[in-house]
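Worksheet: the structure to be examined is printed underneath.
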Amino acid sequence: MAKGTFPSDIPVPVPNYQVMSGQYLGEIVYSSATYPPSGWAVCDGSVLQVAHNTSLFSEYGNAFGSDGQKTFALPTVSGTIIATTGIYPSRN
939 MAKGTFPSDI
949 PVPVPNYQVM
959 SGQYLGEIVY
969 SSATYPPSGW
979 AVCDGSVLQV
989 AHNTSLFSEY
999 GNAFGSDGQK
1009 TFALPTVSGT
1019 IIATTGIYPS
1029 RN
């Protein structure tokens, strides 16, 4: 069992935090759809133009490949397990 006060720096008065209903830039979500909805892309390692996707490039940079100047790549998640809750086997 964890000990201590969490979080330790609660401001007084406590602000009114709200849950956001939109998506985050660069968010990766699991879907059983056969194609992505408008405004979304498949995480298949596709190479995109920086000039056409400057906001997404600012999040990903060239962490997933490409030259990082004119192009950048999306992450590849095929063959991986997306775990959201529960106990899953080790990836070792």
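Reading the sequence shown from the start, the letters are residues 939 to 1030 in our numbering. Quick reminder that beta carbons are idealized off the backbone N, C-alpha and C, glycines included. Quick caveat: nothing in here was measured; it's all calculated off a predicted structure.
Worksheet item: Using the C-alpha atoms, what's the distance from L1012 back to Y998?
Response: The count along the sequence shown starts at 1 and reaches residue 998 at position 60. The count along the sequence shown starts at 1 and reaches residue 1012 at position 74. If I take the Cα positions, the gap works out to 8 Å.
Practice prompt. Could you name the residues that DSSP lists as bridge partners for V985?
Written response: The residue you call residue 985 lines up with position 47 of the sequence shown. A1011.
Worksheet entry | Stretch-stretch touch, CB-based, cutoff 8 Å, three pairs: the segment 991-1008 with the segment 962-979 | yes
Item to complete: Would you mind sorting S1004 into buried or exposed? The rule is 16 or more other CB atoms within 10 Å of its CB.
Response: Taking the sequence shown and counting its residues from 1, the one referred to as residue 1004 is at position 66. Buried: at least 16 other Cβ atoms inside 10 Å.
Item to complete: Could you name the residues of the same chain whose beta carbon sits closer than 7 Å to that of G1006, not counting the 5 residues immediately before and after it, in chain order?
Response: As a working note, residue 1006 is residue 68 in the sequence shown. Counting only Cβ-Cβ distances below 7 Å, and skipping sequence neighbours, we find G999, N1000.
Worksheet entry | Simplified DSSP state of F1002, which is helix, strand or coil | As a first step, residue 1002 must be located in the sequence shown, where it is residue number 64. DSSP places F1002 in coil when its eight states are reduced to three.
Worksheet item: In three-state DSSP terms, what is L963?
Response: Start at 1 with the first residue of the sequence shown, and residue 963 comes out as number 25. Note: L963 maps to coil in three-state DSSP.
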